[in-house]
Amino acid sequence: RPTGKVKAFLFDANANQSNLIGNRLIVLRDTAYHMDDYTDGLVREGKIPFEQLSGKDYKVWAADQGLNIIENPPTKEDVDVVLTEGGPLSTSQILQDAQKGIVEKIKSKLKLIPATRNERIEPGQRGSFLSRPTIVNPLTSLHATDYGAWYKIEDAVEGLIGQRLDSVPKLSTCEKDLRLPIEFIGGGQQEIIGLLYQTYTATEPVIAIEEPETHLHHNLSRKLFELLKELATRKQVIIAT
Numbered sequence: 001r002p003t004g005k006v007k008a009f010l011f012d013a014n015a016n017q018s019n020l021i022g023n024r025l026i027v028l029r030d031t032a033y034h035m036d037d038y039t040d041g042l043v044r045e046g047k048i049p050f051e052q053l054s055g056k057d058y059k060v061w062a063a064d065q066g067l068n069i070i071e072n073p074p075t076k077e078d079v080d081v082v083l084t085e086g087g088p089l090s091t092s093q094i095l096q097d098a099q100k101g102i103v104e105k106i107k108s109k110l111k112l113i114p115a116t117r118n119e120r121i122e123p124g125q126r127g128s129f130l131s132r133p134t135i136v137n138p139l140t141s142l143h144a145t146d147y148g149a150w151y152k153i154e155d156a157v158e159g160l161i162g163q164r165l166d167s168v169p170k171l172s173t174c175e176k177d178l179r180l181p182i183e184f185i186g187g188g189q190q191e192i193i194g195l196l197y198q199t200y201t202a203t204e205p206v207i208a209i210e211e212p213e214t215h216l217h218h219n220l221s222r223k224l225f226e227l228l229k230e231l232a233t234r235k236q237v238i239i240a241t
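Each residue of the sequence shown is one higher than the last, beginning at 1 in UniProt numbering.
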């Protein structure tokens, strides 16, 4: 829609909206340009208003108006920018503004737990599914600083995988008489413990989890889903799967 900041001027006596011939200028803000096929098309479609100035010399007229004349047509981008100023925004601009607004609104309230929670190793190498810095160190620190969160995670781990966390002498899992360092238990079990740590220590009211069932046996996935439903009574939980 015309915004008043762009207008075409026709100087040929035989020119009109459908027959754009002869000398003609398009004015964007305070600069005059020669017109081309793109700007001609916008005039024909009624998207740019025009004025008939038959018999006038376009150079003299521009000088009288205090306008600079650019001997080339304006770029398509410049025309589109002026057309949308103060008028309807383009779809891409609407989406960009919406995305920016959403990010600003929720960035301090959302905890994202990505699907890739393990450390990659070279093919053929054997190692723990999660590195010590990934899960062992944070849990060890948590045991010393936040007993409430530690006990919740401890109970949840035992309910899900049937093993109990023990931090003495070092972080490990216990099942009957079998004690294993946490970095050497099964990958799915490590995945569960890492996920529980991130959810139970989250202070944000919204938690988004990518593929929480990754590496899990289907029975363990069902148990985890029940735990996430319980978590959803206290926080907003978003799951992508």
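Built from N, CA and C at the ideal position, the CB exists for glycine as well.
Check your understanding: Per DSSP, what kind of secondary structure is Thr39 in: helix, strand or coil?
Key -> Look at Thr39 here: in three-state DSSP terms it is helix.
Review point. So, using beta-carbon positions, are Ile193 and Val237 closer together than 7 Å?
Key: No.
Exercise for review: Report the three-state DSSP secondary structure of Phe129 (helix, strand or coil).
Suggested key: Any reading at Phe129 needs caution, since the residue's pLDDT is 45, under 50, leaving its predicted position unreliable; the model's value is listed next. Three-state result, Phe129: coil.
Exercise for review: Grab me the residues of Asn72's own chain with a C-beta within less than 6 Å of its C-beta, minus the 5 sequence neighbours each way, in chain order.
Suggested key: Nothing listed; no residue qualifies.
Check your understanding: Can you find at least 3 beta carbon pairs, one from the stretch 62-82 and one from the stretch 101-108, that sit closer than 8 Å?
Key -> Look at the beta carbons and you see the stretch 62-82 not touching the stretch 101-108: under three pairs across the two are nearer than 8 Å.
Review point. With burial defined as no fewer than 16 other Cβ atoms inside 10 Å of the residue's Cβ, what is the status of Val60: buried or exposed?
Key: Exposed, by the Cβ-count rule.
Review point. Does the separation of the CB atoms of Glu230 and Lys111 fall below 7 Å?
Key: Their beta carbons are not under 7 Å apart, which means Glu230 does not touch Lys111 by this criterion.
Review point. Under a Cβ-count criterion, where at least 16 other Cβ atoms within 10 Å of its own Cβ denotes burial, should Arg24 be classed as buried or exposed?
Key: Label assigned to Arg24: buried.
**Study point:** Rounded C-alpha distance that separates Thr173 from Asp155
**Key:** Here the C-alpha atom of Thr173 lies approximately 12 Å from the C-alpha atom of Asp155.
Practice item. Return helix, strand or coil for Ala240, following the three-state DSSP convention. Key: Residue state, collapsed to three classes: strand.
Review point. Expressed to the nearest angstrom, what Euclidean distance is found between the alpha-carbon atoms of Gly22 and Leu10?
Key: Inter-residue distance for Gly22 and Leu10 is about 8 Å (C-alpha atoms, whole angstroms).
Review point. What is the DSSP secondary structure of His217, reduced to helix, strand or coil?
Key: In the structure shown, His217 adopts coil according to DSSP, grouped into three states.
Exercise for review: Taking only runs that begin and end inside the stretch 172-197, name each unbroken beta strand (DSSP E) of 3 or more residues, in chain order.
Suggested key: Within the stretch 172-197, the complete beta strand (DSSP E) segments at least 3 residues long are 172-175 and 178-181, listed from N- to C-terminus.
Review point. What is the rounded straight-line gap between the Cα of Tyr200 and the Cα of Ile94?
Key: Our two residues, Tyr200 and Ile94, have alpha carbons roughly 36 Å apart in a direct line.
Review point. In chain order, what residues of the same chain have a beta carbon less than 6 Å from the beta carbon of Ala32, not counting five sequence neighbours either side?
Key: Taken in chain order, the residues that qualify are Leu25, Ala62, Leu67 and Ile69.
Check your understanding: Alpha carbon to alpha carbon, how far is Pro49 from Pro212?
Key -> Near 57 Å, if we compare the C-alpha coordinates of Pro212 and Pro49.
Check your understanding: Under the DSSP definition of a beta bridge, which residues are partnered with Phe9?
Key -> Beta-bridge pairing links Phe9 to Leu25 and Glu51.
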